[in-house]
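Presented below is the structure to which this report refers.
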Amino acid sequence: MQQTTLAEQTIPVEKALTYNTRFGEVALREDRLITFKNGLLGFTGCTTFGLSRIPNADESPILLLQCVNEPEIAFLVADPKSIGLEIQDEDLSKAVKECQMTKENVQTLVILTMYDQEDSYYLTANLRAPLLIDSRSRQARQHILANKNYTTQHKL
8 MQQTTLAEQT IPVEKALTYN TRFGEVALRE DRLITFKNGL LGFTGCTTFG
58 LSRIPNADES PILLLQCVNE PEIAFLVADP KSIGLEIQDE DLSKAVKECQ
108 MTKENVQTLV ILTMYDQEDS YYLTANLRAP LLIDSRSRQA RQHILANKNY
158 TTQHKL
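According to the working numbering, the stretch in the sequence shown is residues 8 to 163, in order.
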């Protein structure tokens with residue numbers, strides 16, 4: 008049985024919560040919201056999120072993690088493999104175990120940061136503290152990996 012990722016799950020418009028974000032309007036299903044019990048690093052008050060594609064960027068591997076309880080906060084995220092990055096299986100397995108999750112149900116995402124650089128921009132990925140999302144329980148956690156070879160600003 009092939010598992011769909013959280014962002015691939017379709018949202019009937021009539022059952023969606025609509026948010027106006029800096030990227031445009033996004034629709035999030037209430038029954039598919041994700042809970043970070045302890046929030047995110049530096050954002051402990053942000054505990055409930057929805058995951059969606061960025062408006063007008065359907066083919067992009069970059070997704071929008073929209074905070075529901077503080078709607079002005081949103082993060083760009085991506086599956087590390089979809090952007091050519093990798094978290095070693097040993098490190099990921101250890102993190103999943105420490106978070107008391109089941110590897111088969113976990114989707115891993117990394118937070119991206121966009122920087123302006125003169126006439127262009129560049130992105131970095133936080134590989135050191137990935138987001139682990141249990142696709143069944145919809146519980147999630149940002150976990151700091153013990154392996155110091157991962158950085159918080161891996162340039163893409």
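The C-beta atom is built at its ideal place from N, Cα and C for all residues, glycine as well. Please read all numbers here as calculations on a predicted model, not as lab measurements.
If you compare alpha carbons, which of Asn27, Leu134, Leu71, Gly49 is closest to Ile41? Leu71
Are the CB atoms of Leu134 and Val113 within a distance shorter than 7 Å? no
Just to confirm before moving on: does the CB-CB distance between Leu48 and Ile69 stay below 7 Å? no
Counting Cβ pairs, one atom from each stretch, are 3 or more of them under 8 Å apart for the segment 84 to 91 and the segment 55 to 70? yes
Other residues of its chain near Ala23: CB distance less than 7 Å, five sequence neighbours each side excluded: Ala34, Leu35, Arg36
From this set, Glu32, Val75, Gln107, Thr158, which residue's C-alpha is nearest Leu119's C-alpha? Thr158
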